[in-house]
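Number of protein chains: 2
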Amino acid sequence: MQEKQHIASAFDRDLESIQALILKMGGMVEAAILDGAQSLADRDVEAAEKVRRGDKAIDALEEQLNEEAARVIAIRAPVSRDLRVILSVLRLAASLERIGDYAKNMAKRTSVLAELHPIEGSDAALKRMAREVQNMLRDTLDAFVNRDPGLAHEVLLRDQEVDQMYNALFREFLTHMMEDPRAITACMHLHFIAKNIERMGDLVTNMAEQVIYLATGKMPDEDRPKGDTTAYVAQPE
Amino acid sequence: MQEKQHIASAFDRDLESIQALILKMGGMVEAAILDGAQSLADRDVEAAEKVRRGDKAIDALEEQLNEEAARVIAIRAPVSRDLRVILSVLRLAASLERIGDYAKNMAKRTSVLAELHPIEGSDAALKRMAREVQNMLRDTLDAFVNRDPGLAHEVLLRDQEVDQMYNALFREFLTHMMEDPRAITACMHLHFIAKNIERMGDLVTNMAEQVIYLATGKMPDEDRPKGDTTAYVAQPE
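Here the protein sequences line up with chains A and B, keeping their order.
Quick note: the first sequence uses my numbering, first residue 157, plus one each step.
Quick note: the second sequence uses my numbering, first residue 157, plus one each step.
Following this line, the structure appears as structure tokens:
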């Protein structure tokens, strides 16, 4: 009996160290989102370069998490709930890695946008989107640590706001491009950035669903409304 | 000794059923890529709708794979190599699910593109890209089944061709839009599709890297050349 107790707490310690890694990774990704958006708004190529370089550390942390998780599974042979936690953490880490990639891509486009004429209003809108996604990510990580499905559910709903911001920007960019062909290149890059932030929101949403699954054992209903409707836009309104 | 033999072959059977699932999923994703590109080229809204609906089955298969993998880990408690195989399969499944999402998105845009004027040459180019990605995926799955790192390495190299096709299209779309503002909306959607196919290629590349890791125990060198350079394009040439 005492032996079992000992094994259980060793697993708990392992799990805590894995959770600490995911929180560290999450913090780095949050910073990448904000710093990426800020360096874009400032057209600060040097700050953007720092975000790009920082992505390597995020990738390395995901590798470390994968190895650590494999090690824990191998030596502790967890089952049921414990195993579910570890497999969920791996999926969270994979989503974080992808969000980091999108932040890197945003930073990458800063250098070319620095050479082009700014598009009125777009920087502020992109920064708002990025800040909202970063807030959603922070709350998702909190919901994960506290196994709080309610907070994770709120995140799911908030993703619609991000989608709406993206829809508005998509139409704005189309209008800009039609009015002024010289704005086309800048709008294409800005539009990509907007889409990438919208995708970050989708990834955070996936993470929040994982957290709900982890806390309740069930995935949330699939039929929550989809916010990005631009795939159907034939003309800007 | 006999007991151990028995356990080992039970694991092998489990592993085979997991591999069969991933191959089934891979086949469905290959079909989604080809059918998505074909229905786009034909502006066949009904065929596109079928691709969209088919994505649910791909998602369900990923869920099934996750559950099956968790079950096998729980009852067989695999270590070292066996565990690595199962964790790799989960990552392959996650990549397949994302490729399926991109195919679904391509199909989604078919209905709006059916209402717009076609952009000369773009359909054939997108079909070529899609076919190349599907070939890469088929070879990656073959390399997985046969644990063939050589074939997986070839896939890594071929992704550059996909990137180059995307670069050429990106410049073409910019030129079209500047020459004719009425082409802007169609070009925006087509460009998204091109970018999504390019991302499918990146995901297949990630899968090929996983296969190499699985076959050799090492990830391939990180510094293979990146083919998509459009983040730096300020003006079409």
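Built from N, CA and C at the ideal position, the CB exists for glycine as well.
Contact note: Ser-236(B) reaches chain A through Ala-230, using a C-beta cutoff of 8 Å and chain order.
DSSP places His-309(B) inside the alpha helix (DSSP H), whose first and last residues are 305-335. The C-beta of Glu-288(A) has 16 or more other C-beta atoms within 10 Å across all chains shown, which makes the residue buried. With a threshold of 7 Å between beta carbons, Pro-376(A) makes no contact with chain B. Gly-256(B) sits in a helix when the DSSP states are folded into three classes.
Inclusion of Leu-293(A) and Val-360(A) in the CB contact set at 7 Å is warranted, their separation being smaller than that value. When C-alpha distances from Ser-278(B) are compared across Tyr-322(B), Ala-249(B), Asp-298(B), the shortest belongs to Tyr-322(B). By the Cβ criterion, the segment 269-278 of chain B is in contact with the segment 318-336 of chain B, since at least three pairs of Cβ atoms, one from each stretch, lie closer than 8 Å. Residue-level contact by beta carbon fails for Met-321(B) and chain A, as no gap is shorter than 7 Å. Within chain B, no residue has its beta carbon less than 9 Å from that of Val-245(A); the closest one is some 12 Å off.
Positions of the beta strand (DSSP E) runs, each at least 3 residues long and wholly inside the segment 264-301 of chain B, cannot be given because no such run exists. In the structure shown, the three-state DSSP call for Gly-183(B) is helix. Those residues of the segment 348-365 of chain A placed with their C-beta closer than 7 Å to a C-beta in chain B do not exist.
Here the C-alpha atom of Gly-192(A) lies approximately 21 Å from the C-alpha atom of Met-363(A). Listed along chain A, no residue sits closer than 7 Å to Leu-196(B) by beta-carbon distance, the nearest being about 12 Å off. Gly-373(A): not part of any alpha helix (DSSP H); DSSP gives it neither H nor E. In this structure Ile-368(B) is in contact with His-309(B), their Cβ atoms being roughly 7 Å apart against a cut-off of 8 Å. Three or more Cβ pairs closer than 8 Å define a contact, and the segment 296-309 of chain B falls short of that threshold against the segment 299-315 of chain A.
Using a Cβ-Cβ cut-off of 7 Å, Met-333(B) counts as an interface residue toward chain A, since at least one Cβ of chain A sits closer than that to its own. Sequence-ordered contacts of the segment 266-279 of chain B with chain A read Ser-267, Val-268, Glu-271, Leu-272 [C-beta pairs closer than 8 Å]. About 6 Å separates the CB atoms of Gln-220(B) and Leu-177(B); that is less than 8 Å, so the two are in contact.
Against Met-285(A), chain B offers no close residue; the least beta-carbon distance is about 18 Å (beta-carbon pairs closer than 9 Å). For Ala-233(A), no alpha helix (DSSP H) segment is defined, and its DSSP state is neither H nor E. By the beta-carbon neighbour count (other beta carbons within 10 angstroms, threshold 16), Arg-265(B) is buried. Taking the C-beta atoms as reference points, Met-184(A) is found nearer than 7 Å to Ile-214(A).
Residues of chain B whose Cβ lies closer than 7 Å to the Cβ of Arg-314(A) do not exist, since the nearest Cβ in that chain is about 21 Å away. The beta carbon of Ile-340(B) is closer than 8 Å to those of Met-333 in its chain, skipping five residues each way along the sequence. Listed along chain A are Ala-226, Ile-229, Ala-230, each with a C-beta nearer than 8 Å to that of Leu-239(B). Among the CB atoms of chain A, none fall inside 7 Å of the CB of Ala-299(B). Only buried fits Ser-195(A), as 16 or more other CB atoms lie within 10 angstroms of its CB. Between Ile-229(A) and Leu-282(A) a beta carbon distance of about 40 Å is seen, past the 8 Å cut, so the two are scored as non-contacting. Taking Asn-261(B) as the centre and dropping the five residues before and after it, the same chain places the C-beta of Asn-352 closer than 7 Å to its C-beta, in chain order. When the alpha-carbon of Met-356(B) is set against those of Pro-337(B), Leu-179(B), Val-207(B), Asp-319(B), the nearest one is in Asp-319(B). At a beta-carbon threshold of 8 Å, the residues of chain B lying near Ala-250(A) are Arg-247, Ala-250, ordered along the chain. Ranked by Cα distance from Ala-250(A), the first of Leu-269(A), Met-181(A), Met-285(A), Arg-199(A) is Met-181(A).
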